[in-house]
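Numbering (our numbering), first residue to last: 7 to 1177.
For glycine and all other residues, C-beta sits at the position ideal for the given N, C-alpha and C.
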């Protein structure tokens, strides 16, 4: 019939030709569905022969005694069935009602065979079963479900099952699984992997001689659906493409749709970025945006590794490299603005394709262009329109770039509003992506935006075996059974062989780790990684009704357009606008109410989940694609290797062999006990997952075993290799850093906790023979702090007899990472260390590891103080002492870890320059000895005393050191002449970000409780402002400084209190129970002097009073009384504002003494006279 229609093509009109083409398309579609059914049936494997017991291979079956045959139960014929799940957004509708709704309102119009429609017992909803995959696709494509308010999706709960017949019940379920694994899968996987991959569906049976049972097994979803292998998995790669039109409700609903549909990614154009992501998108969803905020990529796949390509994240789009079980893919989202030329976007996409090269790349565009190349439904007048001309330009580029569009012919437009309809959204793939997978592309109607949602499902054409990387184990400590833990540890170690203590140390360490893991599994229980909830708890029946109304009006609008009924269209447009606005309003209100409810549930926990979300502490840092020698690296393994090499440089020379001249003394139990007691319980563990809490429990259970192990390590001079391998976590140094630069990342090393105990023992033994170090080193010294270092600097500058004092702020490049191990060993030998063999073993054979769900990368470590270790700061300290001793005869100095300040004194510029160059040469010589270089760009000089018309110049390494007007040293900004007003002026800007992050929970009528707000102020905001107050408190007595501090405190209190913005600062201080910051700084300074025993100055509180007989608590009480008295005097001053508040609250101690003091916004109108 189709051929005859085409033969008579010249005698038919356009309408007949369209009918013939439509009929041809229907026949082709029916033929493809039928081919799919036949391929599915042909691919079904024949049923295996019934094995004996659990062995499916007859040749390997063990010989069993002959017994009378027992007839197996009759089984029904295997019937192919494909199912879909139908659900409703209305939570009040039961599964039985949904099933009845499907039978009566949907099933008659499907036109497919249906095996059954029944309710789901778990999770709600109904299930509909069809006999073929083709008919299932028709069910999935039916729009009748949406018309009656139902959602249909594939049944993700179905898993392949197989049956083992005639299993002898004499063996139990556990023995059956073991034998099944040994006879069939022993070479492919371990028993633990097999049990994790295969689930026993049949209920446990009792052991009975002579009886048999048919056992049903279920393959878990992480087995490969192609080869039914259990050591890897192959996932469908799926994503959605949508334009939110900068609408908040659309972005919220898009996040819910992405989470509930179990899709992985979303390529978004024009997202809503006016607020924070935490109250718009579901928790745990990662967001990557371009520089303008016009395009974004949402990631809702927990196991996927996302690497942002910083060089391709520009004003024109955002690019991301994702890696998972599906492989490695470039994802790009771009919004081609209509009133902007298209050429810059084409050049941007050229750069993306060039970088992707042979890697699959998918680009989601809102091109604002139409073309037959992506099957746009064009009108007769389309050729004269601007978007058609843009489409011609984009089509020419696609032909030149050899890329293809995934768009398929659909009845639904990608852009559809009350004014116009068009297909302007394009999904583009490069040649590698075209060969990588087969795609299913469809358009679904969307009520909240002018654009409809595009859903793309890609199925890779070849199965890829991806190694499963076991994560670092973790356990639940909430219901820990420590008595059982101790009993199990004692019993397990008692079962070890008698000669176990003489086995190799690495074997002992490995056995100890295995025992601790197994005991923790019993007494604590593994902490399982839970996928985020797929249900939006804030979704209500009112939202379902509003969405149905919008859908109904959209269908009326489309019907009116098809009938060319302009009058009906105008009426429907008005109603549709009203219904859409109401729907968006309901979504925003429901989402905000849910956020308020969540904050209210945690209102009394100031440092809990709400605080972590607001401060961004729960966000993970992704490794970006790195640029090395001008070349961009996009592979995760190569990037991880580059970072490790940047964190751990290669040594220029090997460490010499050190021979211990004397036998180290025997280890005492109290040494181990002291080191274990000092462990931090909540520190992140190493690769073994054992933290300080577990280590302390192990020590309490088997102290003799651990002491013997550590003693043998010291006696043999061997540091176990497993304890020297850290887990490295890379963190971006700051949000303003370039993610493409390896130097923008900081490596955090997490070492095994048992190795830290052994390190602490080694360090304590060296400290016993260590002479007193330089007294001007204030870092890594017990009882010393930043204030001590600054006090020494201020006193040295003030007491200097010279006319000028030049401060040289020395910065070392990668100080801890570049220390040569040979220098450290020589220094230990000079100090008379008795465990040189153990230190030699500690500094040899070290490796560093970065592990993720995609793989493990490790590199050898040959230099540097081991980051994250107990000995790292100690090694740097003893090496730095050598430099300080060399410098001390020539100048005053101050050192805090690797921050060095040299005070060069002189009466002329020439003297300053000469002495400065001489001191820097000493520093350079020491740096060459230990392998550390001085950064010539970050090392600066500044006059701390005196003034010169021309700044001095200090030569170093063939260049002049930069001269600055202000410098930040140890967290405090100092200006020329030792002035700190610049530091006080910068406090408000620094606190703006903190207050802004917490502004979402510090609201006028809801949010944290008054006590929680007070806790956040006293524990976070006030300490941030008052850091180093004993250094700069005397500057705070100036009027300009007090105004700066009052401005900063006002910003904080306006965020914490429910008041109008016109309330005076003095009233805010009284209402919030927050003393003025200048008085609080003075309080901290006097406390510091009293604690250190320094003399008080004339303006200090308690000056001239006899406090020698007072205890420390009595002194603090007396200081607090002075603070309140000074604050009260200011509050009683009639010239100050806030007199209305003074009438209600005459005493400043009302809110200061009561942290729970709070009031509503309406009450604040009365208390302040504002509003």
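Subject >> Spatial neighbours of residue 466 in its chain, beta-carbon cut-off 8 Å, leaving aside the 5 residues before and after >> reply: 240, 243, 332, 333, 442 and 443
**OP:** Classify residue 1131 as buried or exposed, calling it buried when 16 or more other Cβ atoms lie within 10 Å of its own Cβ.
**Re:** exposed
**OP:** Give the C-beta separation of residue 796 and residue 976 to the nearest angstrom, bearing in mind that I take them to be a contact with Cβ-Cβ under 8 Å.
**Re:** 7 Å
**OP:** Quick one: grab the DSSP three-state call for residue 107.
**Re:** helix
Original post:
In terms of alpha-carbon separation, which member of 143, 776 and 1083 lies closest to residue 840?
Top reply: 776
Subject >> Straight-line gap, residue 732 to residue 649 (C-alpha atoms, nearest Å) >> reply: 14 Å
Original post:
Would residue 1088 be called buried (16 or more neighbouring beta carbons within 10 Å of its own) or exposed?
Top reply: buried
Original post:
Where does residue 291 sit, in a helix, a strand or coil, going by DSSP?
Top reply: coil
**OP:** Enumerate in chain order the residues of its own chain whose CB-to-CB distance from residue 925 is below 8 Å, with the five nearest sequence positions on each side excluded.
**Re:** 814, 893, 896, 897, 908 and 910
Original post:
Who are the near neighbours of residue 952 in its chain, counting only those whose CB is closer than 6 Å to its CB and skipping five residues on each side?
Top reply: 809 and 810
**OP:** Drop a sphere of 10 angstroms on the beta-carbon of residue 178, count the other beta-carbons inside from all chains shown, and report buried for 16 or more, exposed for fewer.
**Re:** exposed
**OP:** List the residues that DSSP assigns as beta-bridge partners of residue 132.
**Re:** 92 and 125
Original post:
Ordered along the chain, which non-local residues of its own chain (more than five positions away) have a Cβ less than 6 Å from that of residue 95?
Top reply: 550
Original post:
So, helix, strand or coil for residue 801, using DSSP?
Top reply: helix
Subject >> Cβ contact (3+ pairs, closer than 8 Å) linking the segment 289-308 and the segment 267-276 >> reply: yes
Subject >> Local conformation of residue 157 per DSSP, three classes >> reply: strand
Original post:
Looking only at its own chain, which residues have a Cβ that is under 8 Å from the Cβ of residue 313, when we skip the five neighbours before and after it?
Top reply: 326, 327, 328, 329, 628, 629, 630, 631, 640, 642 and 645
Subject >> Residue span of the alpha helix (DSSP H) that contains residue 457, given as start and end >> reply: No alpha helix (DSSP H) holds residue 457; DSSP gives it neither H nor E.
**OP:** Excluding the 5 residues preceding and the 5 following residue 276 in the sequence, name in chain order all residues of the same chain whose CB lies nearer than 7 Å to its CB.
**Re:** 249, 250, 251, 252, 300 and 341
Original post:
In this structure, does DSSP put residue 174 in helix, strand or coil?
Top reply: strand
Subject >> DSSP-derived helix/strand/coil call for residue 688 >> reply: coil
Subject >> Residue of 931, 891, 821 and 694 minimising C-alpha distance to residue 857 >> reply: 694
**OP:** Taking the CB atoms as reference points, tell me whether residue 1154 and residue 1125 lie closer together than 8 Å.
**Re:** no
Subject >> Simplified DSSP assignment, three categories, for residue 1147 >> reply: helix
**OP:** Kindly give me the distance between the Cβ atoms of residue 544 and residue 609, rounded to whole angstroms, as I take these residues to be in contact under 8 Å.
**Re:** About 18 Å; that fails the 8 Å criterion.
Original post:
Starting from residue 815 and walking both ways along the beta strand (DSSP E), at which residues does that stretch end?
Top reply: 810-816
Subject >> Buried versus exposed call for residue 1002 [16 or more other C-beta atoms within 10 Å across all chains shown] >> reply: exposed
**OP:** Can you say whether residue 1071 is buried or exposed, counting buried as having 16 or more other CB atoms within 10 angstroms of its CB?
**Re:** buried
Original post:
For residue 496, which residues from the same chain have a beta carbon less than 7 Å from its beta carbon, with the 5 sequence-adjacent residues on both sides left out?
Top reply: 707 and 708
Subject >> Reference residue 850, options 870, 682 and 816, closest by Cα >> reply: 870
Original post:
Should residue 54 go down as buried or exposed, given a rule of 16 or more other Cβ atoms within 10 Å for buried?
Top reply: Residue placement at residue 54 is poorly supported in this model, since its pLDDT is 47, which falls under 50; the coordinates still yield a value, given next. Under this definition residue 54 is an exposed residue.
**OP:** Answer with buried or exposed for residue 1100, where buried requires no fewer than 16 other C-beta atoms within 10 angstroms of its C-beta.
**Re:** exposed
**OP:** Report all residues from its chain with a CB closer than 7 Å to the CB of residue 765; omit the five preceding and five following residues, and keep chain order.
**Re:** 875, 876 and 877
Original post:
Residues in its own chain within less than 7 Å of residue 651 by CB, not counting five upstream and five downstream?
Top reply: 865
Subject >> Residue environment, residue 846, which counts as buried when at least 16 other CB atoms sit within 10 Å >> reply: buried
Original post:
Ends of the beta strand (DSSP E) at residue 1188?
Top reply: Outside the modelled stretch of the chain, which goes from 7 to 1177, sits residue 1188, for which no answer is possible.
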